[in-house]
Structure formats: structure tokens, C-alpha cells
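Undergrad: Residue numbers (our numbering), protein chains in the order written: chain S, -12 to 324; chain F, -12 to 324; chain E, -12 to 324; chain D, -12 to 324. Cβ atoms here follow ideal geometry from the backbone N, Cα and C, with glycine treated the same way.
4 protein chains.
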Amino acid sequence: MKIGIINVTGYTGVELARLLHQHPQVDLASVTGRSAAGKSLSEVFPHLAGINLTIKAELGDVDLAFAAMPHKESAREVIPLLEKGIRVVDISADFRLKDAPEYQKWYGFSHPAPQLLKEAAYGLPELHRAEITPAKLVANPGCYPTGAILALAPAVKAKLIEADVVIDSKSGVSGAGRSLSLPAHYSEANEDTAAYALEGHRHLPEITQELKLLNPKASLAVTFVPHLVPMTRGILTTCYAPLASAKKERELKELYRDFYKDAPFVRVADAPPHTKQVLGSNLCLVYPTVDRRTGRLVVISAIDNLVKGAAGQAIQNMNLMLGLPETTGLEALPVYP
Amino acid sequence: MKIGIINVTGYTGVELARLLHQHPQVDLASVTGRSAAGKSLSEVFPHLAGINLTIKAELGDVDLAFAAMPHKESAREVIPLLEKGIRVVDISADFRLKDAPEYQKWYGFSHPAPQLLKEAAYGLPELHRAEITPAKLVANPGCYPTGAILALAPAVKAKLIEADVVIDSKSGVSGAGRSLSLPAHYSEANEDTAAYALEGHRHLPEITQELKLLNPKASLAVTFVPHLVPMTRGILTTCYAPLASAKKERELKELYRDFYKDAPFVRVADAPPHTKQVLGSNLCLVYPTVDRRTGRLVVISAIDNLVKGAAGQAIQNMNLMLGLPETTGLEALPVYP
Amino acid sequence: MKIGIINVTGYTGVELARLLHQHPQVDLASVTGRSAAGKSLSEVFPHLAGINLTIKAELGDVDLAFAAMPHKESAREVIPLLEKGIRVVDISADFRLKDAPEYQKWYGFSHPAPQLLKEAAYGLPELHRAEITPAKLVANPGCYPTGAILALAPAVKAKLIEADVVIDSKSGVSGAGRSLSLPAHYSEANEDTAAYALEGHRHLPEITQELKLLNPKASLAVTFVPHLVPMTRGILTTCYAPLASAKKERELKELYRDFYKDAPFVRVADAPPHTKQVLGSNLCLVYPTVDRRTGRLVVISAIDNLVKGAAGQAIQNMNLMLGLPETTGLEALPVYP
Amino acid sequence: MKIGIINVTGYTGVELARLLHQHPQVDLASVTGRSAAGKSLSEVFPHLAGINLTIKAELGDVDLAFAAMPHKESAREVIPLLEKGIRVVDISADFRLKDAPEYQKWYGFSHPAPQLLKEAAYGLPELHRAEITPAKLVANPGCYPTGAILALAPAVKAKLIEADVVIDSKSGVSGAGRSLSLPAHYSEANEDTAAYALEGHRHLPEITQELKLLNPKASLAVTFVPHLVPMTRGILTTCYAPLASAKKERELKELYRDFYKDAPFVRVADAPPHTKQVLGSNLCLVYPTVDRRTGRLVVISAIDNLVKGAAGQAIQNMNLMLGLPETTGLEALPVYP
């Protein structure tokens, strides 16, 4: 099975290359990248010296492709691939939202293929495994939505959360990508913590879309505030919501364990999770608890934003699409410390 | 005016020494520290080579003392000083709570001098300037309470917040002190973010005590979750609360600016604050905003936990107690980047 | 093949567990650790939740053991294992030096089994593959010696270096281990760089012993200064030595490439190596160059101190001892960024 | 006395603004910066909110100016200022080298005013105080040269070093400036250490020029290798050189203490210095020692690259030029931890 990566030179692309190289059932056959076209992959990324591939301007002959382009550009690349019968996992936001006008509102462009939005599977296997398996096009979730939805899904589904939700996320700087910017400049980001996108982050509609699917009758009012913390990888998400009905801590943990009993990458933790406990791996640690003074549900999740939040989840989706065990090539333990 | 520091060898003690050395109106005359007694201050802390003092086991003759001891031990040291007529700024939690039984509940000890709890001023000058000025004993606030209370006080006072409050704080590791511990071990804390004290942090009763004083009729249900992020200094606090009555962003900012118009160290920021923008300084940046999708108030504050969250605020209190301008010796700008 | 780890709770022990779990040809069967005896491995190290083992006080039935104890204690544990016929890779320094009196000089103890010093193989496969393969006891090299010797060996062997050698190493903080200490306390190590052990680091005799074996006639005068830099993993070593005979850069690179042509984990790099390019992997990048103004040889190497500098190299040694391909279980690419 | 800063928006410019604001004897009267012209200083740099100045395209009326431009552009700005009689401290390299052809060789441009090279004072007050005081134009040293020259000067002057010198420097990332670049991108620089400029760094001719002035008869062969380590501020420089004549450690320290007896910012340290011990201050810690196994001199220095390595030293020079005590406005203690 031949696999391609469109735009291998961003952090998600390069992480896909790392993980696919270690995958026992597929061959990384073609990688593209405009600025670096013509160079060998190992010249641009010395840590990938084990992979003998040249970065090309155009994708070669593959069975399945990962598109790791910025939004808007990705749709343009993906549509012709689908027409050629190549299955695609799109890492961008271009096929995540089901409602085309949302693209105008949140991303400022008119979606070029609204009919594909319904067809695309939202690539969170823990919620959409059945749709992902046969899909021609899978929209890989955003990093923040992955952490937030996995933290909240069991509680929303069980109608424990019906109204107010606060999602406070802390992300490592690699989430800002490999493109240069002042907030990702070392001397600005080091020894600093700050919130951003207070006017509304583009990952919010993704989060609300998925939570509403879990309980269409709930009137969820979600506030989501992302923060940048000085580390390279990892997202810790702390969610707060009043409990619609009282729950004991033990019952809550059971409900979560039951919800995720078939999810090999989600683990309900016994102690507050650390992002370091998932670094480099596709795990998501979830820790549900109750603030007994206020009866408020507090759920914390930890992921590696470049693995479960991007490249690892994309390969998990690929595994499902190819009929492989979900965990194939993703078994590596986290790198600690 | 001769000043002393009890337990100069912790991070708050050493920061007090740094700031007092630069204070034009007082003399740092005596410093104590059990483990390092007999050594010169510059031997233990080479960055303080400019200060010519020996660490002693017992405090010398001073007019005012800072007690930078762990809780419970501090009260034992402070009481005899007060009896000798020495004014004290206590950095520990031992005189912060007005209600003696709270010490049993949160700190596990029976308070040795409950009568002093009423007498002690809570050393947040922005709220208690009039009580601090004549006080014999000032209880310097905790680092988290400083950031949280300054973020919320104007809104609580104006009755914009009457029920649910979520406080999500992100602290640098120096907040854990200079005593060795696994969570503060470099290889554990670096490249990591995690929540802790989910069962209830000791700074919570301080926060609720002060917020209730601002609006005794409100039934505030406060959830406070502290997090450790990989930086040395700084606390960013993000507060969430439904607005009791709709407010425009502009009105909100005006309300905050008005509340802090006489507070030289609190600045209502025009953009989300960064902890780096206050590093090394006594500033607190506050950024109130409204999540227009949910009508929820979101307020963010940034402080340096060792300055406005500890040593700087203690000196601000000392200035008031000595009748000096509040900003004396604390004018240094933040160190950026 | 059943494998054991003595003292799994240090950073080398836990890294051994991570790597052995992913090894396709051996079973991690028994792990010990005094302080944590009785607990499950995943309780102490949540990132190892995939491994179902209980930490014991005593080692179970194994074919080969890794001893990850502090020096002096290790010899005591290793000797009875050898007597039982269990092959051992010792991570400590206890069998690295061939000359027993050196233990008195550098480590302050009289070696309990000097006869084993000659018998033990020095576990740097790139130099001692033939001795390691049949060995009962392999002394795994120190982290600094691994980086320094691999950087210098081709030049010493080729008699390009015959006298002065300066080795300036920069290490991440995990090299200081998981035991708490002030230099490894987050707030001390973060935003800091310093040299240490200027009076002579214990890794120096190891470095000189191995370099002398490569050219017994040379009179090498080695100065080695280790530094601590604020990162968790990685050692960058910069070596300086006058060239005994002029060499062109191209010839030098060829000499190095030839020396390491059968070494799967040593790569002669085309650009100055970054520690990030080897993070989590068993690679050693070596970059030899000539300062054309002074004719001085400058060689830089990069390793992950916990992998090629400790646990990975130990498994590389185990592979040789068990007749497995040297790279088995160690093929994972570095985790970047 | 009115002071101006040309190009306030880089890290040196903004650090000059911070320090000058706290200077009791001068007024920061005018600041320029092309990209940010028209904005208030506090809008671009919120930590400078205490300074009420607008960034202009052209410098206003001042008595002395700091030019914090990139090399080549700086000379163009400085020449007309000098013609107007404004004294200048130039932070760039444009007037540091005495020999005009060196600019072609190292910087690739033909110097526009070679006659000024002899006239300019090299602004290292510890070596050139007498020339700086009356100078119209002072060339502020590079950050690496400051650390290296201060480490080596006493030994070179005393003829203890006459031939081989190795200088291995470790710099924080702010040395790369505020302009965006991949090596200074957070995710690339964090958890990484690497050498760079192995073909020859532009600070090398500055170092050799100054060392030769101290002992014109010596044939110094200097190798200088800079490294980037993951911290914002600080340079640690480790220097290695064979001792021309044997010295006892104690004699060496005395020689250094004597050399720097009138230098208020250089302190001969009793233990290996840490960059953290000088953070935010104008101090340079120097630690000379002898490797007793090889008789080699090892000297380590620590500075804050943005203070003693740039803005602080520039103000020290200004103080001398204005007849003020050298330490005026630079007394702040380092910020630790």
C-alpha cells in the first residue's frame, strides 16, 4: 500500500513521515513540499536520514494521501485527488465543518465543494469509527478539538452536561506550526504564558458541532480559551461544567471507562494527567473529577498535539480506512522524561 | 529604618533581599536562615554579592520584619516579634484567614493566636490600603489569590458576578519554592503541563474570603484549579463567570479602569497579558473581556509570582506601613524578553 | 529470552523499560526498585501503563539483567548474578575502568572484584564489538564518554591527534538522574548554563583509557569540562585538538565515514549536529571539521544521553550478547521537534 | 541630557529603553524604528508602559545617541549624526574593527568611513576607559567578544597565554535578535543545543584584535565556536589555553583580582559562574582555574548578553562619556531565580 504526504515540510507533515516510516503495513512512497522541492528529505530534516525520499513538487502514484496543507489551500489539492480515486486524510480544517456557511464565517472563504462536507467523515475514531472505515475522505480533527471533545464526550452523551461549558486549553508552541511568527519566536515564547484568540478561536465551531451531535437537545454554551505555554509538544485541556445531576466520583470514572472501553488510545487516568506522559505517543489521558464544593464537573485531558492531535490520529484514521488494526504502527510508548 | 528578613534562603526571602537592597529609604539590617546560618549571604546566593550581610540564626535589632517561613512555623516566630513591638509582614498563610477553624480544615493545625487573625490586615493594598497603613501585622496574600482577586474584584464589587466562578491558574515552578520535590525536579517539570490540587488548594479559602467581602450577599461558587507550566516565574490566571447583567466590553474596561485608578501597580491591559510582560516587576496586568457568544465574563491577569505574588507586594505593604509612597523601591520595569 | 532490570525507578531504568517493551525478541520479565517495591510499574510511571509488571524488591528468574544502580552499590548486586550464570549489562561505572586503583582515586572505594575488571567488556560496540558479543559482563559506558570517544576515536586511531585535547560537553539535566538535588531543581536549572566538576569529572579516566587504547604511543593531555544546559535530554560534545598532520576537510570526513562504515548508529553528519536530531533515538551524529585559521581539528557529536548515552546503548550491547542484529528494537526515529 | 535610540524595536533597543528609563541622570527623549513608526512605545512593548514616547521615523533633538541598527546600515546612520556633533554609542559592528579591509572580509562591504575606525573607541571600559571618556564615537563590543575578552585579558596581558586558545561559548537565543529565523523558532531552539558558524564567526576578528593589543608579541591561534542553548538570556564562555608558565590557582586568582580591581562590573568568582547569577544585570563573573592534570588554563565567564553584552555596556560607555560614575543607573541586582 503506497502512501503520500502533501506538504511534508510542516510539523505535521514531518511527524507523519516519522510515524509512517515505522509503520509495518504501508510504504511512504511520495512526499511533496513547495519550498523544498528537489531536496532529499534527510537534507531538510536530518533526523529523518533513515528515509530515502526526495521531496517533489507533485504527488506521485499513491493509494492514499495525507494532505497537510494550510486551510483553503488544502481543499484545492484534495478535490482532484478524490476525483482520481485516491483516498485522503485531510489534516486541514477544510472538511471538518458540516455546514458550508461556517467557512465564510470562521475562515473567510467560500467553500469550493460544499457537497463533500457531508460526505467527509470527521476523523475522531472514538466517536466516528463506523463512518471513517469506508470513507473516501476523512477530515482529521484539530488539536484542541481532539483534547476537548475526548474530555467532554462521555459526560455530554450521558446528559451530565447540558448548558455551561468552559474549556481552558494550554498548548505547546509547536501547535503554531513551523512557519515563523513573533508569538513562536523563542525569546518571546520562552518563560511566558498567555491566552490568545479571545475573540473566538477557529476550533470552537468544531468542538460545538461534535458536542451537539452527542446530545442534540442540549443548549450548550461553550467558552473556549486557548493558551500558549513554553513547551514544544502537548496540550492540556481543563474543562468545567455544572453537573446536570449529582454524580459520585466513582460513578463518573466508571461512566468514562465504559465509554472508552473499546478505544485503545484513550486511557482514563487515576491521577491528574501530565502532557509529558503522552509525549511522542498517540495516547489521550482523560481525568474526570467533581469539585465537591460546587458540584461542578472538572475533566482534564492530555495529548501530544502533533500525534493524537494531528499525525498520529491521521494514521489511526488511515488504519481504519485500510482495514488494519487501529493501533498498527502507533504502539510506541511515550518518551519520558 | 532597619529591616529584617526571617528565613532569607527561600525564593521569597532572597527576592526580598534583592528588592530591599535597591530600596532607597530602608536598610536591610538582619537576615536569618537555619540551614545557612553563619554563612555570608553572597556565599549562598552569588547574585547578591552586592549585599554585605551574614545569615544569622536569630534576628537582630530591627524596626520591621518580613517572616518568610512555611505556614505554622511562621506564627511561632511572628508572635514574639509583635510582643516586642516589631511590626511584621508575614509572607506565610498564618494570618490570612479571618476564621480560626479554617486553619484546622485547610492546614491541619490549631491556630496558636486566633485573636491576631482579626487584628491582622490582609495585605492586598488595592483592597485594604486603609487597614494596612496602621497595622502592626500584615498578612501578605498568596500568589494565586493575588492574581485571582485582582482579576475578579471590580466585577464582584459591581455585582456583575453573583454565582458561578471558575478560576484556572497557570503558575511557573518557582511557586513551589526552593525546597526539593519531584514535581519541581527539572526533568519532570520541563516540557510538561499539569493540573494539581484538584481536591482543593489551600489558596481557595483566601480567594473566597476576599471576594465575599466585596459582595457579602452574593452566593459565589468558586472552582479554582492551579496548573504548573514550565517556566520559572509568572502566574497567568484566567477567570470565567456568567455576567449577572449584560455589559459592553467598553463599559467593562471603564469599570475596571475606574476601580484601579489609584492603584499604581495594576494596569488594565489593551491586549491579553503575557507573564513575560511583568517578569521581575510588581505589576499586575488585568484584561477583562466578554465572550460575546455566551455572554460570559472572561478576565485574565498576569503577575510575577515572586514579586506582586510575594516579595514585591510585601514591600508595597511595608511602604504603606512606613508612610512611604507605595511605589518606593519598586519602580523597576519588567525584564523582557 | 527473559530480561530483568535492577533499579527500574531511575531515568535509565525507566528508559530501559520503555525500549525493552518495544523490543520484538526479548521479554521484560522482572524489575526491581527499593523505594517503590510492591507498586505496579504503571502506578509509578503512568507513561508505562502498557507494561503489566510489579516492581519487586528482588530480581526474578531472568537470562540477562541490566543493573541500573549507583556506582559501588552496583558491583555488590552484579557479582552474585554472575555467579548464578546470569549475564549482565552494568550501567554503573563499576566495571568500566580496567585499573582497580582508579576506583580508589576517582570513586573513593576499594573495588570488591578487581579480577572482573579485565573480564568485563567496555560496552562501546563501535570499538569493542568482538569483546562484547561473548561477554558475561558488559560495562555500559558513561554518557559523556560515549559522545567524546565516538567524536575522537577515528582521529586518534589515525594518529591525527597526539597531544592536546579539549573536550567541552553540554548536557541536558536528566543526566543528573531522578534523585533530587539543587542543581537539578527546575528554578535553578531553567534559564541557566554553567560548567561543573572543574576539579575533574569521574568520566575523564574512562575517556582517556579508551583513547589510549586507540593509540598507546600518543601522549594525550585531555581536559574535559562538562556543562549543564537547560534541556531534559541530549549531550553535545565539542572537541578541539591540534592536527598532527594537515588534513583537508574532505579527507577527514572520508576517514570518519570509513571508520564508522559498519556502525549502524553513528552517522557522520553534513552539517553541525543538533541534540534535537537524536532525541529519543540511539543515534550518534558526528561532525568532524578543521578550523582553517589555526589548523585545529574540531569535532562535534550529539547523542541522547538516556539512549545512546545509557539505555539504548545497553540494549545495543544486549543485542550483540544475544546474537541478535545490533539494531533490533532500536530503530525508532528521533522525535522532532 | 537628552538621549536617543535609533532602532528601538530590536532586543538591544528595547533593553536600552528599559535601562535608560531607570537612569537618574539622563532623559530618554527620542526613539526611532522604521516598522513601528507612529506607534507608542508601550503599544509595541507593553512592559514599557511606564515610558511615554512615540516611535518616530527620524531621531529628534538629542545630545547623545545609541545606534542599534544591523551592521552596514548603522554606519550610514551614524556618520551624519557625528557631523552634527552628536556623540554616538554604536551597538553594531561597524566601528569595532580598526582595519578597514576586515569589513570586506568578514562583513562583505566596503567601509564607508575608514578614517572613523581609528577615531572610534572600542567600548570595553575595562580595557579602554581612557579612550572612551573623551570619544565622540564608541563602538560597543559584540556580546561574545565581551565575555571572551574579559575572561582572557588578564592572562594574555600577563603573558600566561602565548599561542593556542580555544573559546567555546554558549549563548541564549536572544542573541539572535528579534528578527524571525528558523534557528530562533521556539520549537527548533527548545530542547536543543548546537554549534554554529564553524566556518568562522564575525566576532572572531574582534576578539583577536583586542587580545593582540594586550600582548602584541604573542602569536595567538584562536579557535572560537559559538553554541546556541535553550534559554533567552546569557552567555557562558569557557576558554582553554596552555599556560606559558606554571601558576598556582591562588596566584592566578590574585592576578585576575588585581587586573579587575577598578572594574565595578567584573567580579572574580569563587565558584564556577552561572548565567542565572547575572541575568538582567551588567555584571561579568570571571572564574580562572588550572586543570592540574594538563597544566592548562581554564577560564569561564558569564554575562547577560543583552546587558553587559549589549545595552548595559552601552550605558556604561555613555556614563564614561558624560563624566558620570560608571555604574550610574546600572546598579540593579540580577533577577534570580
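At what residue ranges does the region 296 to 322 of chain F contain a whole run of the alpha helix (DSSP H), taking only runs of 4 or more?
TA: For the region 296 to 322 of chain F, whole alpha helix (DSSP H) runs of length 4 or above, ordered along the chain, are 299 to 308.
Undergrad: Give every residue of the same chain whose Cβ lies closer than 7 Å to the Cβ of E/His261, excluding the five residues on either side of it in the sequence, and list them in chain order.
TA: These residues qualify, in order along the chain: Ala289.
Undergrad: What distance in whole Å lies between the Cβ atoms of S/Leu320 and E/His8, which are believed to be in contact at a cut-off of 8 Å?
TA: 6 Å between Cβ atoms; contact.
Undergrad: What are the residues of the region 236 to 247 of chain S that lie near chain E, defined by any Cβ-Cβ distance shorter than 8 Å?
TA: Per Cβ criterion, the list is empty.
Undergrad: Check for me: the beta strand (DSSP E) holding F/Tyr227 runs from which residue to which?
TA: F/Tyr227 -> beta strand (DSSP E) spans Ile222 to Pro229.
Undergrad: What's the C-alpha gap between D/Leu230 and D/Ile148?
TA: The alpha-carbon atoms of D/Leu230 and D/Ile148 are separated by roughly 6 Å.
Undergrad: Report the CB separation of F/Asp77 from F/Ser61 in whole angstroms; it is logged as a contact under 8 Å.
TA: Indeed they touch by this definition, with Cβ atoms about 6 Å apart.
Undergrad: Using a C-beta to C-beta distance shorter than 9 Å, which residues of chain E count as neighbours of F/Leu169?
TA: Neighbours of F/Leu169 on chain E, chain order: Arg165 and Leu167.
Undergrad: Assign F/Lys235 to buried or exposed, taking buried as 16 or more other Cβ atoms, counted over all protein chains shown, within 10 Å of its Cβ.
TA: Result: exposed.
Undergrad: Looking at the structure shown, is S/Leu147 part of a helix, part of a strand, or coil, going by DSSP?
TA: S/Leu147: coil per DSSP, three-state reduction.
Undergrad: Once you ignore the five residues that flank F/Glu89 on each side, which residues in its own chain have a CB closer than 6 Å to its CB?
TA: These residues qualify, in order along the chain: Pro192.
Undergrad: What would DSSP say about S/Tyr90, mapped onto helix, strand or coil?
TA: Three-state DSSP puts S/Tyr90 in a helix.
Undergrad: If we define contact as Cβ-Cβ less than 9 Å, is D/Thr180 a contact residue for chain S?
TA: So, not an interface residue.
Undergrad: According to DSSP, is S/Ala62 part of a helix, a strand, or is it coil?
TA: S/Ala62: helix per DSSP, three-state reduction.
Undergrad: Report, in whole angstroms, the separation of the C-beta atoms of F/Ala54 and F/Asp151, which I expect to be a contact under 8 Å.
TA: About 36 Å separates the two Cβ atoms, so there is no contact after all.
Undergrad: Anything in chain D within Cβ reach of E/Gly267, meaning under 7 Å, just list it in chain order.
TA: Ordered by position in chain D, no residue passes the 7 Å Cβ test against E/Gly267, which lies about 11 Å from the chain.
Undergrad: Using the Cα positions of D/His188 and D/Lys85, report the straight-line distance between them to the nearest angstrom.
TA: Their backbone Cα atoms lie some 17 Å apart in a straight line.
Undergrad: Quick check: the region 156 to 168 of chain E against the region -5 to 8 of chain E, are at least 3 beta-carbon pairs closer than 8 Å?
TA: Counting Cβ pairs under 8 Å, three or more are found: they touch.
Undergrad: Using the Cβ count rule (16 or more neighbours within 10 Å means buried), how would you classify D/Pro141?
TA: Result: buried.
Undergrad: Distance check for S/Lys157 and S/Ser232, CA to CA, integer angstroms please.
TA: If you take the alpha carbons of S/Ser232 and S/Lys157, they lie about 28 Å apart.
Undergrad: Run down chain D in chain order and give the residues with a C-beta less than 8 Å from the C-beta of E/Leu223.
TA: Within 8 Å Cβ-Cβ: Thr180, Ala181, Ala182 and His214.
Undergrad: Go ahead and label D/Gln264 buried or exposed: buried means 16 or more other beta carbons lie within 10 angstroms of its beta carbon, across all protein chains shown.
TA: Buried: at least 16 other Cβ atoms inside 10 Å.
Undergrad: For E/Ala44, does the count of other Cβ atoms within 10 angstroms reach 16, so buried, or fall short, so exposed?
TA: Classification of E/Ala44: exposed, given that the 10 Å Cβ count is below 16.
Undergrad: Does E/Lys295 pass the burial test, meaning 16 or more other C-beta atoms within 10 Å, or should it be called exposed?
TA: Label assigned to E/Lys295: buried.
Undergrad: Is it right to say S/Asn39 is buried, meaning 16 or more other beta carbons lie within 10 angstroms of its own, or is it exposed?
TA: With fewer than 16 other Cβ atoms within 10 Å, it is exposed.
Undergrad: Comparing C-alpha positions only, which one of E/Pro33, E/Ile(-7) and E/Met56 sits nearest to E/Val49?
TA: Of the listed residues, the one whose Cα sits closest to E/Val49 is E/Ile(-7).
Undergrad: Compute the distance between the beta-carbons of F/Asn269 and F/Leu317, then report whether it is under 9 Å.
TA: It is a contact, given that the beta carbons lie within the stated cut-off.
Undergrad: Just grab the DSSP bridge partners of F/Lys234 for me.
TA: None, per the DSSP bridge assignment.
Undergrad: Give me the Cα-Cα distance between E/His190 and S/Glu113, rounded to the nearest whole angstrom.
TA: Their backbone Cα atoms lie some 50 Å apart in a straight line.
Undergrad: Given a threshold of 16 other Cβ atoms within 10 Å of its Cβ, counted over all protein chains shown, does F/Met(-12) qualify as buried or as exposed?
TA: Classification of F/Met(-12): exposed, given that the 10 Å Cβ count is below 16.
Undergrad: Would you kindly check if the distance between the Cβ of S/Leu124 and the Cβ of S/Leu169 is under 9 Å?
TA: Not closer than 9 Å, so no.
Undergrad: If you measure from the beta carbon of S/Tyr323 to each beta carbon in chain D, is any gap under 9 Å?
TA: It does not: the Cβ of S/Tyr323 has no partner Cβ on chain D nearer than 9 Å.
Undergrad: With a 10 Å radius around its C-beta and 16 neighbouring C-beta atoms as the bar for buried, classify E/Arg279 as buried or exposed.
TA: Classification of E/Arg279: exposed, given that the 10 Å Cβ count is below 16.
Undergrad: Measure the C-alpha to C-alpha separation of S/Met305 and S/Ile42 and round it to an integer number of angstroms.
TA: Cα to Cα, the separation comes out at about 22 Å.
Undergrad: Using the three-state DSSP reduction, which class does F/Arg165 fall into: helix, strand or coil?
TA: Here F/Arg165 sits in coil by DSSP.
Undergrad: Against S/Val285, what residues of chain F qualify as contacts under a CB-to-CB distance less than 8 Å, listed in chain order?
TA: Ordered by position in chain F, the residues that pass the 8 Å Cβ test against S/Val285 are Leu185, Thr210 and Val212.
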